[in-house]
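Residue numbers (the numbering used here): 553 to 717. Let me begin by presenting the structure, written as structure tokens, before commenting on it.
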Ligand code: SME
């Protein structure tokens, strides 16, 4: 099994997601180790899209706890309903924020981050983690990111199912 991800040069964002997702699935599903898989997932997203920050917060003891990520150091715990991540967890819904400075209660782990998308990972109607992606550009995320990152969330939930087995 090769641990490489190949993305064609000059691809559009949509093409990159379409090339990336099946490769990620093949990379992740053979491994039973959740942390290894979430780490590779963060690395692949960072490498392909050069996001400012990309990673996971995992629900543990009724808090979000920082999990595998790529980018600058980040806050380690987030409470339910707090920040974009806590709001996504509470609402069990994807949240796109065009300007984080206009989002009430946004948690600024890095002042360089200007826009954000958070996707909940939902297992048996319960949020078990969120995928958080930050950009240093305003209004960087759109419906294309939402569509494909939600598809990725469905792949990731299989990793949680395997862990629970
Ligand atoms: N901005 C997030 C906190 C996590 S960091 O961006 C990595 C939030 O408001 O929930």
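All C-beta atoms in this analysis are idealised placements derived from N, C-alpha and C, irrespective of residue type, glycine included.
Reference residue i; option with closest CA among the options
{"i": "residue 675", "options": "568, 707 and 634", "result": "707"}
{"i": "residue 690", "options": "649, 642 and 559", "result": "649"}
{"i": "residue 651", "options": "601, 584, 672 and 694", "result": "694"}
7 Å Cβ shell around residue i - same chain, five flanking residues per side excluded
{"i": "residue 612", "result": "none"}
{"i": "residue 688", "result": "604, 664, 665 and 666"}
{"i": "residue 617", "result": "609, 610, 628 and 629"}
{"i": "residue 590", "result": "608, 619 and 620"}
{"i": "residue 657", "result": "634 and 635"}
Chain-order list of residues whose beta-carbon lies under 8 Å from that of residue i (same chain, five-residue window excluded)
{"i": "residue 625", "result": "661"}
{"i": "residue 605", "result": "621, 622, 623, 624, 626, 661, 662, 665, 684, 685 and 686"}
{"i": "residue 573", "result": "700, 703, 704 and 707"}
{"i": "residue 587", "result": "619 and 620"}
6 Å Cβ shell around residue i - same chain, five flanking residues per side excluded
{"i": "residue 670", "result": "636, 637, 640, 647, 682 and 684"}
{"i": "residue 566", "result": "696"}
{"i": "residue 557", "result": "575 and 596"}
{"i": "residue 712", "result": "675 and 680"}
DSSP beta-bridge partners of residue i
{"i": "residue 604", "result": "None, per the DSSP bridge assignment."}
{"i": "residue 673", "result": "681"}
{"i": "residue 612", "result": "615"}
Residue i CB to nearest heavy atom of ligand 3 below 7 Å
{"i": "residue 593", "result": "This structure lacks ligand 3; the ligands present are ligand 1."}
Nearest-angstrom Cβ-Cβ length linking residue i and residue j, presumed shorter than 8 Å
{"i": "residue 632", "j": "residue 614", "result": "7 Å"}
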